[in-house]
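In the order they appear, the protein sequences are chains A and B. So that you can map any letter, position 287 of the first sequence is 287 in this note's numbering, and since no number is skipped, the others follow by simple counting. Quick note: to get this note's numbering, add 362 to the position in the second sequence (first position is 1). Idealized CB from N, CA, C, for every residue including glycine. Quick caveat: nothing in here was measured; it's all calculated off a predicted structure.
Number of protein chains: 2
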Amino acid sequence: MISERKKKILAAVVDAYIRTAEPVGSKAIAESAGLGCSSATIRNELAELVSLGYLEQPHTSAGRVPTPLGYRLYVNELMQRQKLSLEESEDINRRLNAKLQELDDTIGDVSRLASQLTDYPALALTAQSAATIRRFDIIYVDANTFILVVMLSNNSVKNKLVHLPISVDQSMIQRLSSLFNASFTGIAEEQITPLLIRSTERAADDTMGLTSVIAAFAIETLSEANTPSAFISGENRLLSQPEFRDPDKAHRLMSYLSGGGHILPAADSFGGTDEVRVLIGPENVAEELKDSSVVIASYDAGDNMRGLIGVVGPTRMDYSAVAAKLSFLAAGLSRRLGGGEAPPEGMHNKLIIKGDISDGSR
Amino acid sequence: MISERKKKILAAVVDAYIRTAEPVGSKAIAESAGLGCSSATIRNELAELVSLGYLEQPHTSAGRVPTPLGYRLYVNELMQRQKLSLEESEDINRRLNAKLQELDDTIGDVSRLASQLTDYPALALTAQSAATIRRFDIIYVDANTFILVVMLSNNSVKNKLVHLPISVDQSMIQRLSSLFNASFTGIAEEQITPLLIRSTERAADDTMGLTSVIAAFAIETLSEANTPSAFISGENRLLSQPEFRDPDKAHRLMSYLSGGGHILPAADSFGGTDEVRVLIGPENVAEELKDSSVVIASYDAGDNMRGLIGVVGPTRMDYSAVAAKLSFLAAGLSRRLGGGEAPPEGMHNKLIIKGDISDGSR
DNA sequence: ATTAGCACTCGGAAGACAAGAGTGCCAACA
DNA sequence: TGTTGGCACTCTTGTCTTCCGAGTGCTAAT
Chain A
1 MISERKKKIL AAVVDAYIRT AEPVGSKAIA ESAGLGCSSA TIRNELAELV
51 SLGYLEQPHT SAGRVPTPLG YRLYVNELMQ RQKLSLEESE DINRRLNAKL
101 QELDDTIGDV SRLASQLTDY PALALTAQSA ATIRRFDIIY VDANTFILVV
151 MLSNNSVKNK LVHLPISVDQ SMIQRLSSLF NASFTGIAEE QITPLLIRST
201 ERAADDTMGL TSVIAAFAIE TLSEANTPSA FISGENRLLS QPEFRDPDKA
251 HRLMSYLSGG GHILPAADSF GGTDEVRVLI GPENVAEELK DSSVVIASYD
301 AGDNMRGLIG VVGPTRMDYS AVAAKLSFLA AGLSRRLGGG EAPPEGMHNK
351 LIIKGDISDG SR
Chain B
363 MISERKKKIL AAVVDAYIRT AEPVGSKAIA ESAGLGCSSA TIRNELAELV
413 SLGYLEQPHT SAGRVPTPLG YRLYVNELMQ RQKLSLEESE DINRRLNAKL
463 QELDDTIGDV SRLASQLTDY PALALTAQSA ATIRRFDIIY VDANTFILVV
513 MLSNNSVKNK LVHLPISVDQ SMIQRLSSLF NASFTGIAEE QITPLLIRST
563 ERAADDTMGL TSVIAAFAIE TLSEANTPSA FISGENRLLS QPEFRDPDKA
613 HRLMSYLSGG GHILPAADSF GGTDEVRVLI GPENVAEELK DSSVVIASYD
663 AGDNMRGLIG VVGPTRMDYS AVAAKLSFLA AGLSRRLGGG EAPPEGMHNK
713 LIIKGDISDG SR
C-alpha cells in the first residue's frame, strides 16, 4: 500500500530528525540514505508522503518533519530494533543488582535508573493490586512501646513503632499478636470490618482501644500497598531537548509530571506480557502529553502484580534505543521480583511493540 | 553609617524588585515609598547606594537592581519579619499532621511540603548522626524465610525479609535473635567487627553463615541511617522564575540540585538552634549556586540529630515569606520529632536570621 | 539640602535587507 | 512512465539600522 522506497525515505527522515531536531531536506536524504536517486526524485516522494499524512512541513520551503502518524509507522515497521550492546546490558544488570539487593519500595530507584539510562524523564508506577496480610507480629519493646510488623502476600514487610501514653503488659501484646495472626491474615482490606475489630477486641479482653490502633495500621498498610503509586525522576532532562527550549512549555509538562503520573489511564489497558508500548503525541489521553511521546514497559512484580516503567520525551524521541533499554530493564526487574519462570539473565526478551494506531491520530 | 533614608530607599528597591523582577527606577520609588521627596533626590541617593555597593545598574540608564550585599543588608535589617497568617499556619500544621502521622523517612514529604508552601524548589536533608541499634528481632516465618527487624536509637524501625535456599529450624532463629539482641545493641557501626561476628556465630552454633547475613543487615541499616541523605522536590518551580527563562541556566541548576544536595557543606557549620540561615548568591560555596540564594532552616529530629530544610531560588527571592514559612515548618517538625521540650503548637518561634556577611560578597 | 529641567545614553522593538536553504515545477531524457 | 537537472520562488534567519522611551546625571534655581 505504500511503496518500499517511500518507507525507506520516511525512515531516513525520522532517523535524521531524531538526531538533529531540524526539518530534513531532500538533499540530505539523497546523500545519506543509500538509495541511488537524486534529490529531485526524493522531493516528489516527499510531497506524496506529506499528502499521505506521514510528514509535514513547518512552512513552505522548509524541510519535512514527521507527523505522529509518521512516527507510528516508523515505530511499528520501520525502525530497526536495537539490541543493547554487551557492555550496556551488563551495566544495567550491575546497577540493578546494586540497587535491588533488597527491594521494598525502590520504585524510586527504578525510575531514577530508567531516567539515567535513557536520558529522558522517567516514571515508575505500581499497579493496583490485591495483596493480603500474610503474617502479623507485634514486638514488645517496653511497657509503652511496641512494634507492629506486617508481612504482605507480595513479600513486602512494613512496620510501625507505636508509643503509648499508657502501659500495656507483655501478655496482652502476645495475645493480640496471635489473635491478629489468626483472624487478620489472608483477607482483603474491605474484609476488615468494624465487626471483626470489635470481636477481636473482645477476644483479647482489650479495654484500652489497642485493637483498633493495630487494626488501623493493618488497614492503612493494605491500602497503601494496594494503591497504585507513581514516582518520577529526571524531569530536568527535558530541558536538554530543543523542543522544550520554551520554558513555559517545559514547565507545563514538568509540573504535570511532578503531580504524579496521571498516565495511569494508559496503564489500565496494559496487557500481561512483557511488551513495550509506545504512545505517540495525540495518542496520549492526557492533554498535557498531546505533543510528547511515552514509552512504557511492564514488568512482573510478583504476587500477580505488574509494575510499569515509562519514559517521557518529545515525539522526536529515540524510540528504538529507549524501547530496547526499557525492555531490558523490565525483564531484569521481572527476573528479580517476579514469582515464576523468568528467562535467564543474559537473554533479551523479544521486543513486542504495540501501540494503538487509533483514529486519534493527527 | 548609612542614613535612615537610604535604608528606606534600599528596602523599597528590593521590595519592588522582588515583586516585579525588573530594574526599578527613581520615579517608581518616589511614588511608592512614602518619603516625601522627589525623584531627583532619590536619584542622588540611588547613585550613592550604587557607589556603596548595595545596588547596581544593568547598564547606564536603567533602573537599579540589588547586589548580593544589598540583599544581605535587606535580610539582616530591613525586611519586615513576616509572621504567618492564622490560616497559613493552620494549613501547615494540618498538612504536617496528615503527612507525619508516622514519620519514618518522610524526608521526601517534608521537602515536597516545603516546596509547595514556598513555591520554590526545596530540599530536605538529614544530618549525619550516630544512631545505634536499640533492639534486634528475628521473626520466623517458615523454614526458609524470616524477617529481620531492627529498631534504632532514633526510633526508626527497619526490616528486611530474608529468603534462604536452605532450611533453618526455629530454635536456631530464636537463639540468634537473643544473641544479637544481647551483643549488637547500643554499639556503633565500627564496633561490629569481624571478630564480634565470628564469636556470635560460634555462640549460636551457626554453621551456615546465617550470622554474617544478619550482621550485614545490621551494618547496612546503621550505615544507611547514619549517612546524611538528601531529597529534592519541586525543581520545576524554578522555571516559573523569570531569571531562569534561559533553559540552559535552569538546566544547570536543576541537574545540580537533582544530583543530591551538595549544599551539605553549608549544613556542616549549622548551629544547634532553630535558626534560619540565608545564603545569598556568591555567599554560597557551590559554584552552581553563585547566583542563586538558599534559605535553610534546621529542626530537631530527635536523638540529638538535626535535619535541614532548604529552599533554593533566584537571589531575587521573597526572603521574608520564605524565612517565615520555613521557620514555622521547622518548628513544627521539631515539635513532632524532637525529644525535648518544644514550644507549644500555636507559637511562632522567634525568627533568628543569621548569615555570614563574609568577604565573599561583592 | 532639595528640586525642576534638560540633554544624554542605552536597550529593546520594529523594520529593511541579504543570504541560504529548500521547495515546486517544468522540460528533457532513459 | 519514472527520473533528473535546472531554475524561479518562498520563507526563515541573521544582521544592521533606525527609532522610541525610560531613566539617568548634571546644572542651576530655590
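I'd like to know whether the C-beta of residue i is nearer than 9 Å to at least one C-beta of chain A.
i         : result
B/Val-575 : no
B/Asp-499 : yes
B/Leu-619 : yes
B/Ala-616 : The residue asked about is misnamed: residue 616 of chain B is Met in this sequence, not Ala. So, interface residue.
B/Val-376 : no
Out of the options, point me to the one whose CA is closest to residue i's CA.
i         : options                                    : result
A/Lys-290 : A/Tyr-299, A/Tyr-319, A/Tyr-256, A/Gly-302 : A/Tyr-256
A/Arg-198 : A/Gly-186, A/Ala-216, A/Met-305            : A/Ala-216
A/Ala-330 : A/Leu-69, A/Ser-298, A/Cys-37, A/Leu-78    : A/Ser-298
B/Glu-552 : B/Glu-582, B/Gln-419, B/Lys-687, B/Val-503 : B/Glu-582
B/Thr-480 : B/Glu-650, B/Gln-603, B/Asn-517, B/Lys-611 : B/Gln-603
A/Ile-107 : A/Ala-47, A/Pro-121, A/Arg-94, A/Thr-126   : A/Thr-126
B/Thr-494 : B/Val-472, B/Thr-547, B/Arg-474, B/Ile-528 : B/Thr-547
A/Glu-235 : A/Ser-115, A/Glu-287, A/Glu-283            : A/Ser-115
B/Pro-527 : B/Thr-507, B/Phe-542, B/Met-513, B/Val-519 : B/Thr-507
A/Ser-320 : A/Asp-206, A/Gln-174, A/Leu-78, A/Glu-4    : A/Leu-78
B/Glu-384 : B/Ile-554, B/Gln-419, B/Ser-400            : B/Gln-419
B/Gly-396 : B/Phe-690, B/Ile-371, B/Arg-474            : B/Ile-371
A/Glu-287 : A/Gln-82, A/Arg-252, A/Ala-47              : A/Arg-252
A/Ile-2   : A/Val-50, A/Ser-38, A/Ile-29, A/Pro-314    : A/Val-50
A/Thr-315 : A/Ser-293, A/Ile-187, A/Ala-40             : A/Ser-293
A/Asp-318 : A/Glu-224, A/Val-278, A/Ser-223, A/Ala-143 : A/Val-278
B/Thr-423 : B/Leu-584, B/Ser-620, B/Glu-410, B/Val-386 : Sequence check: residue 423 of chain B is Ser here, not Thr. The shortest Cα separation from B/Ser-423 among B/Leu-584, B/Ser-620, B/Glu-410, B/Val-386 belongs to B/Val-386.
Look up residue i in the DSSP assignment and say whether it is helix, strand or coil.
i         : result
A/Phe-136 : strand
A/Gly-70  : helix
B/Gly-548 : coil
B/Arg-527 : Reading off the sequence shown, one finds Pro at residue 527 of chain B, where the question assumed Arg. B/Pro-527: coil per DSSP, three-state reduction.
B/Leu-446 : coil
A/Ile-29  : helix
B/Ser-655 : strand
A/Met-305 : strand
B/Lys-370 : helix
A/Ser-38  : coil
A/Arg-310 : What sits at residue 310 of chain A in the sequence shown is Gly, not Arg. Note: A/Gly-310 maps to strand in three-state DSSP.
A/Val-24  : strand
A/Asp-248 : helix
A/Tyr-381 : With chain A covering 1 to 362 only, the question about residue 381 of chain A has no answer from this structure.
A/Arg-316 : coil
Under 6 Å Cβ to Cβ from residue i, same chain only, skipping five residues before and after it: list those, please.
i         : result
A/Ser-129 : Asn-226, Met-305
A/Phe-322 : Reading the sequence as shown, one finds Val at residue 322 of chain A and not Phe. Cβ within range, chain order: Thr-118, Val-295, Val-311.
A/Gly-260 : Ala-230
B/Tyr-502 : Phe-508, Gln-532, Ile-535
Is any beta-carbon of chain B found at less than 9 Å from that of residue i?
i         : result
A/Ala-250 : yes
A/Leu-239 : yes
A/Leu-245 : The question names Leu, yet the displayed sequence has Arg at residue 245 of chain A. Interface residue, yes.
A/Glu-235 : yes
A/Val-141 : yes
Quick one: residues in its chain with C-beta nearer than 8 Å to the C-beta of residue i, no 5 flanking neighbours on either side, listed in chain order?
i         : result
A/Ser-365 : With chain A covering only 1 through 362, there is no way to say anything about residue 365 of chain A.
B/His-421 : none
A/Thr-211 : Leu-176, Ile-197, Thr-200, Glu-201, Ala-204
B/Ala-612 : Leu-600, Leu-601, Phe-606
In chain order, what residues of the same chain have a beta carbon less than 7 Å from the beta carbon of residue i, not counting five sequence neighbours either side?
i         : result
A/Leu-148 : Ile-138, Asn-159, Lys-160, Val-162, Ile-214, Phe-217
B/Met-616 : Glu-597, Leu-600
A/Asn-181 : Arg-135, Phe-136
Contact list for the segment 104-131 of chain A against chain B, Cβ threshold 7 Å: From the segment 104-131 of chain A, no residue has a Cβ closer than 7 Å to chain B.
Residues, ordered as in the chain, of the segment 510-524 of chain B that lie near chain A by beta-carbon distance below 7 Å: Answer set for the segment 510-524 of chain B: Val-511, Met-513, Asn-517, Val-519, Asn-521, Lys-522, Leu-523.
Near-chain A residues of the segment 565-589 of chain B (beta-carbon distance less than 7 Å), N- to C-terminal order: Cβ contacts with chain A: none found.
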